[in-house]
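Number of protein chains: 2
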Amino acid sequence: MQKQVFIGLLGLGVVGSGVVKMIENHREELSQKLGCDVAVKRVLVRDMNKQRHLAMHSPMLTSNPDDVLNDPEIDIIVEVMGGIDEARHYIRQALQNKKHVVTANKDLIALHGQELLEVANNNRCDLFYEASVGGGIPVLRGLTDGLISDRIQEVMGIINGTTNYILTKMDEDSISFDKALADAQQLGFAEADPTADIEGLDAARKMAILARLAFSTNVELSDVETCGITNISLKDLEYGKQLGYVMKLIGLAKKENESIEISVQPTFFAKEHPLAGVKNEYNAVYIKGEAVGETMFYGPGAGSMPTATAVVSDVMAAVKNMLLEINGKSNLIANLDKKITPADQRFGQYYVRFYVKDKAGVFARLSQLFHDAEISIERIIQRPAGKDHIAEVILVTHETSLKNFQTILQKLAEMDSLESIQSHYRVEGVKKQ
Amino acid sequence: MQKQVFIGLLGLGVVGSGVVKMIENHREELSQKLGCDVAVKRVLVRDMNKQRHLAMHSPMLTSNPDDVLNDPEIDIIVEVMGGIDEARHYIRQALQNKKHVVTANKDLIALHGQELLEVANNNRCDLFYEASVGGGIPVLRGLTDGLISDRIQEVMGIINGTTNYILTKMDEDSISFDKALADAQQLGFAEADPTADIEGLDAARKMAILARLAFSTNVELSDVETCGITNISLKDLEYGKQLGYVMKLIGLAKKENESIEISVQPTFFAKEHPLAGVKNEYNAVYIKGEAVGETMFYGPGAGSMPTATAVVSDVMAAVKNMLLEINGKSNLIANLDKKITPADQRFGQYYVRFYVKDKAGVFARLSQLFHDAEISIERIIQRPAGKDHIAEVILVTHETSLKNFQTILQKLAEMDSLESIQSHYRVEGVKKQ
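Just so you know, the sequences run in chain order A and B. According to my numbering, the first sequence is numbered sequentially starting from -13. According to my numbering, the second sequence is numbered sequentially starting from -13.
Written out as C-alpha cells, the structure is:
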C-alpha cells in the first residue's frame, strides 16, 4: 500500500497559492518520484470569506491554527504566512507536535533560525528553508551539499529583486530612483511600502542566512552593516558607466583569517564580473571557495511559482527522509565561534565623488592627503570647473582598508577648499594586475 | 568511538591528486562536518615508479587493482582513472564488493551509467558522479534535489571549457580557430589531441547525462546530434557581433509534448542571454523549468581542485548515507519511455550566410523561396557586390521548424544564381516580441 503524506499550510498568499497549485498539478509526478502520495489537507487563512482565485474545497480552509497544527494526520507544515511572532509560535508548536516544517520566511529564519533549528533537532524533525533566500534558486543546497567539501571564502549576492529591478531601470533608461521605484510598484516588482527592500533590510536578512550556512557561524542580523539604494543618483551611475562599472545592491560575506565581514551596500561592479550581467528582477549568488574557485547560482528571486518550486522541493526532501526514517539529521546548526572583522582588516576598492574649489595648490593638497593616508589612486576624473570655479572630482582607489578609506573621507571633509562629498561606493570585480 | 572511513582511489592524475590533497588538507573539517574520520588508504596507479609532485607514502600506491577493490577496510572507491572498459570493470567489481563508488568519468557514465546504477542499486551501494558534468558546479544535484519538484523543459549548457576558451579568444582577439587552439594548448586549456573537445563529443557525453537526469529518460550518446567548432570562421563571428550575437558551443536538451530534442552545436546567442556572458574556460548550465522559470549554474568546468570539490562532496554524501544506513537509496535510474522529436517538430531561429550572383530578380527569387518554405525573415544583411558581381547575404529567420530550415537550405543550394552556402547556425536567446 502506498503511503499518504498530508500537508498543512499556514497562509494562502502569493507563495501559498503557488504551493497548492504545484502540489495539485504535479501530484502524479510527485507520487512517482517519491513512491508516496502527497496532498494538502488543511490551510490556515486569516479571513475565511476572502475571495480567492484558487478554487479550494472550502472544508480545507480554517482560521483556527490548531486545526492544522494539531491534526494527527498532517506530517508536514508549510509556513508561508510571513511575519515573525505568530509564525515563530506556530512553527515551534508544529515541531513540538513532531511535524516537519518547510518555511519561506526569511525574516523569521534570519532572526530565530538557530533557535528553531534546535527545537527541530530536539524533536527529530526537519526544518527546511531553501525558499527563504533566492526564491527558486537552489543556493542553500548548493552551499550545504554541492560545495560542502570546500572552504567558502566569500559569498556575494544580488538577493533583492526589487532593488535590482530599480537599479537596472535607472541604468538602462536613465530615469531617477523615484521614477524607477514608481514603475516597479506599478509592475508589481515593488510593494506599496518598499522600505524593507530599498533600505537593504530584506537583503540583510538573506545575507545573515547565507553567511551562517557558508561559514557555519551564528551570524546575526545585527552583524550585517546595511545601506540601501535611496541616495543613488543618475550622475553616479553615469560616471560608473564611464569607468566600466554597473551599480548593484550587493550582500557581501567574506571570511579571512577566521574573521567575518558582512554587509549589504550599493557597489560598483566591473562589467566583466558575472554579477554585473544580472538584470531586472533576477537574483544571483556568487560563491568563492578555496578549492572550487568562482561559482554562481542565478535565477528568479521571488514570485509565486519559482518560490513554490523551492518550497515543494523541500517538502519532497522531508518526505524522502520520512520514508527512510532519517528526519532531523540534516538540520545544520552554525557552531563555530564568531569574530567580526574590524575596519582596518577589511579591504576593498572605493569610488568617491566630491566638489572642490578650483584654486592653486588644491590638487597638490589632495595628492598629499591620499599619500599620507597610504591610499594609492587607480583612476581619477576631474570635470573642469565652470563659472563658479567649483571642480567635480571622481576618484577610484586601489585596494585599501576600510579604515584608511574612512580616514581619507574625514580628511577630505576637513579640507578648506572642499565644497562637499557627494557619494562614495565600494568597487568590486576589477581584475587585479 | 569515532568511525573511520577509508577510501580507495583508482588513478592519481590531475583530479586524483586534487582529491588526495583536499581530503588531507580538509581532514579536520571533514571529520567535524561528518562526525567521522575520512582518509585515503590505497591508490591504484599504472606506473609505480613515475615521479609525482604529490608526496605520498609509497606503501599507499599499488599497481594491483585487487589491492584496492578487495580491501575489506575500504568503504568507498573513487574512480578518477578515466577510460571506459577497465574503469567499468573495476566499478562493477567495487559495487559487487559492496563498496560505494564516486566517479568523475563522463565517458563511462554517458555510455554505461544506467547499467552501473542498476548494479549499484542491486548491491545497495551509492554511485555518485557530480564531477562528470561541469567540474566544480553542483548542477546534477541542482537537477535532482533543488529543482526536483519542477518539470524541466530545457537544459542548455556551455559544458566544454576548451571550446569556450577558443571561441572567446577568437571573438575577443579576432584570431583564427587554429591560432586560438594553439594558444589554448600552450596554456593547458586544450589537450595535445583536442578532437573530443573541438568535435563536440565531450559536450555530447555530458548532455546525455544531463538529459537523463532532467527528463528521467534513458537518453543515449547516439541520441545527441553533434557538431563541433572546427569550421567556425572569424567572418561569421564578426557578422554575429553586428547582429548582437556571440557564438557558443551549446548542448541543448529540450522536452516538448513528451518528446526530446538533444544536440550539441555551435549556436549564436543574443548578448542579453545569461549564457552569452560565460567566457573563457568557464562553464554554465541554464535550466528552464515550468514553474521555476530560468535558472543558471555557473563555475569552473574542469581543473584539479574544482573537480576534486565535486568528488569530495560526493564522498561526503556517501559517508553521510553510510552513517544513516541509507546507501543505494538515491541512485536515480531514468525510467520514462524515450521519444525523440522529429525535425518538423523542432523549432528555432537560424542564421545563414551565402553568396549569390548579383543579377536582376535574384532577391525577388530569394523572397519567394523563403515565402514558399513558410519561413519569415527577421533580419537580413546584404553586402554590396564587388567587381565579381557576387553579393554576400546574411539572413536570420524567425522561429521555424528544423525541417523547414533544411528545406530552404536545399532550395537555396538548387538556385541557379547561388554561388555557395558558407555557414548556418542556430540562434538562441532573442527576446520574443
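C-beta atoms are modelled at their ideal positions from N, C-alpha and C, and glycine is treated no differently. Note that the coordinates shown come from a computational prediction; the quantities given were computed from them, not determined experimentally.
Beta-ladder partner(s) of residue i, from DSSP
i         : result
B:Glu158  : Note: B:Glu158 sits in no beta bridge, so no partner.
A:Gly120  : A:Gly120 is not bridged to any residue.
A:Gln100  : Answer is none; A:Gln100 lacks a bridge partner.
A:Gly147  : A:Gly147 pairs with nothing; no bridge assigned.
A:Ile376  : A:Lys343
B:Tyr268  : B:Pro286
B:Phe356  : Bridge partners of B:Phe356: none, in fact.
A:Gly(-6) : A:Arg28, A:Ile63
Chain A contact residues for residue i, given Cβ-Cβ distances below 7 angstroms
i        : result
B:Asp159 : Within 7 angstroms Cβ-Cβ: nothing; B:Asp159 doesn't reach chain A, min ~15 angstroms.
Chain B contact for residue i (CB, 8 angstroms cutoff)
i        : result
A:Leu133 : yes
A:Ala106 : no
A:Met291 : yes
A:Ile195 : no
A:Pro180 : no
A:Gly415 : no
A:Ala117 : no
A:Pro286 : yes
Per-residue contacts from residue i into chain B (C-beta, under 7 angstroms)
i        : result
A:Ala294 : Ala277
A:Phe283 : Phe283
A:Asp422 : Because chain A in this structure spans residues -13 to 419, residue 422 of chain A falls outside the shown range and cannot be described.
A:Ile123 : Thr281
Short CB-CB distance (under 8 angstroms) between residue i and chain A
i          : result
B:Arg127   : yes
B:Glu280   : yes
B:Asp(-6)  : The amino acid at residue -6 of chain B is misidentified as Asp; the sequence shows Gly. Closer than 8 angstroms: no.
B:Val298   : yes
B:His357   : no
B:Met302   : yes
B:Leu(-2)  : no
B:Met(-13) : A caution first: B:Met(-13) carries a pLDDT of 42, below 50, which makes its placement in the model unreliable, though a value can still be read off. So no, B:Met(-13) is outside the interface.
B:Ile361   : no
B:Gly143   : no
B:Val1     : no
Where residue i meets chain A, residues with beta-carbon distance less than 8 angstroms
i        : result
B:Leu310 : Leu310, Ile312, Lys315
Per-residue contacts from residue i into chain B (C-beta, under 8 angstroms)
i        : result
A:Gly263 : Pro260, Gly263
Counting pairs of Cβ atoms below 8 angstroms between the stretch 125 to 135 of chain B and the stretch 298 to 307 of chain A, do you hit three or more?
yes
What are the residues of the stretch 4 to 20 of chain A that lie near chain B, defined by any Cβ-Cβ distance shorter than 8 angstroms?
Under the 8 angstroms Cβ criterion, the stretch 4 to 20 of chain A contributes Gly4, Met8, His12, Glu15, Leu16, Lys19.
Inter-stretch contact at 8 angstroms, needing at least 3 Cβ pairs: the stretch 276 to 296 of chain B / the stretch 354 to 362 of chain B:
no
Please name the residues in the stretch 370 to 393 of chain B whose beta-carbon is closer than 7 angstroms to at least one beta-carbon of chain A, in chain order.
none
Between the stretch 67 to 74 of chain A and the stretch 168 to 188 of chain A, can you find at least three pairs of beta-carbon atoms closer than 8 angstroms?
Contact fails: fewer than three Cβ-Cβ distances are below 8 angstroms.
When the Cβ atoms of the stretch 148 to 162 of chain B are set against those of the stretch 195 to 202 of chain B, are three or more pairs found closer than 8 angstroms?
no
Compile a chain-ordered list of the residues in the stretch 205 to 236 of chain B whose CB is closer than 8 angstroms to at least one CB of chain A.
For the stretch 205 to 236 of chain B, no residue has a beta-carbon sitting nearer than 8 angstroms to a beta-carbon of chain A.
Assess contact between the stretch 323 to 336 of chain B and the stretch 333 to 347 of chain A, defined as three or more Cβ pairs (one per stretch) separated by less than 8 angstroms. Is contact present?
Result no; under three Cβ-Cβ pairs closer than 8 angstroms.
For the stretch 26 to 34 of chain B against the stretch 46 to 55 of chain B, do three or more pairs of beta-carbon atoms, one drawn from each stretch, fall closer than 8 angstroms, so that the two count as touching?
yes
Touching or not, the stretch 115 to 125 of chain A and the stretch 212 to 229 of chain A, by the rule of three or more beta carbon pairs under 8 angstroms?
Result no; under three Cβ-Cβ pairs closer than 8 angstroms.
Is there contact here, the stretch 10 to 17 of chain A with the stretch 82 to 98 of chain A, by at least three beta-carbon pairs under 8 angstroms?
no
Just checking, does the stretch -12 to 0 of chain B make contact with the stretch 56 to 67 of chain B on the three C-beta pairs under 8 angstroms criterion?
The stretch -12 to 0 of chain B, when compared against the stretch 56 to 67 of chain B, does touch it at the 8 angstroms Cβ threshold.
Between the stretch 251 to 263 of chain A and the stretch 230 to 242 of chain A, can you find at least three pairs of beta-carbon atoms closer than 8 angstroms?
The stretch 230 to 242 of chain A is in contact with the stretch 251 to 263 of chain A.
Count the C-beta pairs between the stretch 380 to 396 of chain A and the stretch 359 to 369 of chain A that are closer than 8 angstroms, then say yes if the count reaches three, no if not.
yes
At a cut of 8 angstroms, does the stretch -2 to 5 of chain A reach the stretch 291 to 300 of chain A through at least three beta carbon pairs?
Between the stretch -2 to 5 of chain A and the stretch 291 to 300 of chain A, the count of Cβ pairs shorter than 8 angstroms is three or higher; the stretches touch.
Between the stretch 314 to 325 of chain B and the stretch 93 to 108 of chain B, are three or more C-beta pairs nearer than 8 angstroms?
Enough Cβ pairs lie closer than 8 angstroms, so yes.
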